[in-house]
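For the sequence shown, the numbering used here gives the first residue as 469, with consecutive numbering after it. To keep things clear, I will list the structure first and then write my remarks on it.
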Amino acid sequence: VLGFGALYNNGVFGHIGLPILSVDWVRPRFRVRLHVPRGFQAWYAPRPWFECGFRAEFVAGRFGIHGPDQARLGDVAAPLYITAGAAVRFFFWRGLHTELRGGWLVRQIWLRRDDRTLNGRLDFGGWFASATVGYLL
């Protein structure tokens, strides 16, 4: 399955519009998705109510800094988060589900003022865990 679209995110202090390309390979129990620019997912569904898989994602943004920290840090923060790890989903009713994820986090942040980089940091953050409740269409 090949999909095209756009993602609009009003972020915190700005508006971002991104083109999206999605390539899905779907079989009754297996699903693989390449989602550009977001990342990669591979899922195995041994039961209709349970899926296990692997997710690798890239999340970037650009946010304005306001208040007393602006004088010290700069006026723009541009973080990049890269996560990779295992995930499981449990479906309760139709698309209502909970997802548990764990894996490795790498983050990079740039602090800028007037489009000049004041400080940049690459941090191999280590392990992370998260839980989500949502609805898949």
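Ideal placement from N, C-alpha and C gives every residue a C-beta, glycine not left out.
Range of the contiguous beta strand (DSSP E) that encloses residue i
i: residue 591; result: 584-603
Test item: CB-CB of residue i and residue j under 8 angstroms
i: residue 545; j: residue 579; result: yes
i: residue 593; j: residue 569; result: no
i: residue 498; j: residue 512; result: yes
i: residue 586; j: residue 542; result: yes
i: residue 571; j: residue 596; result: yes
i: residue 604; j: residue 565; result: yes
Residues that residue i bridges to, as DSSP identifies them
i: residue 543; result: In the DSSP output, where bridge partners are listed per residue, residue 543 has none listed.
i: residue 550; result: 526, 574
i: residue 500; result: 493, 510
i: residue 469; result: According to DSSP, which records beta bridges pairwise, residue 469 is partnered with nothing at all.
i: residue 533; result: Note: residue 533 sits in no beta bridge, so no partner.
DSSP state of residue i mapped onto helix, strand, coil
i: residue 577; result: strand
i: residue 562; result: coil
i: residue 505; result: coil
i: residue 516; result: coil
Cβ neighbour criterion (16 or more within 10 Å) applied to residue i
i: residue 471; result: exposed
i: residue 557; result: buried
i: residue 501; result: buried
i: residue 551; result: buried
i: residue 612; result: This structure gives no information on residue 612, because the portion of the chain shown stretches from 469 to 605.
i: residue 584; result: exposed
i: residue 562; result: exposed
i: residue 515; result: exposed
i: residue 495; result: exposed
i: residue 602; result: exposed
The ligand FAD heavy atom lying under 7 angstroms from the CB of residue i
i: residue 524; result: The ligand FAD is absent from the structure shown, which contains no ligand whatsoever.
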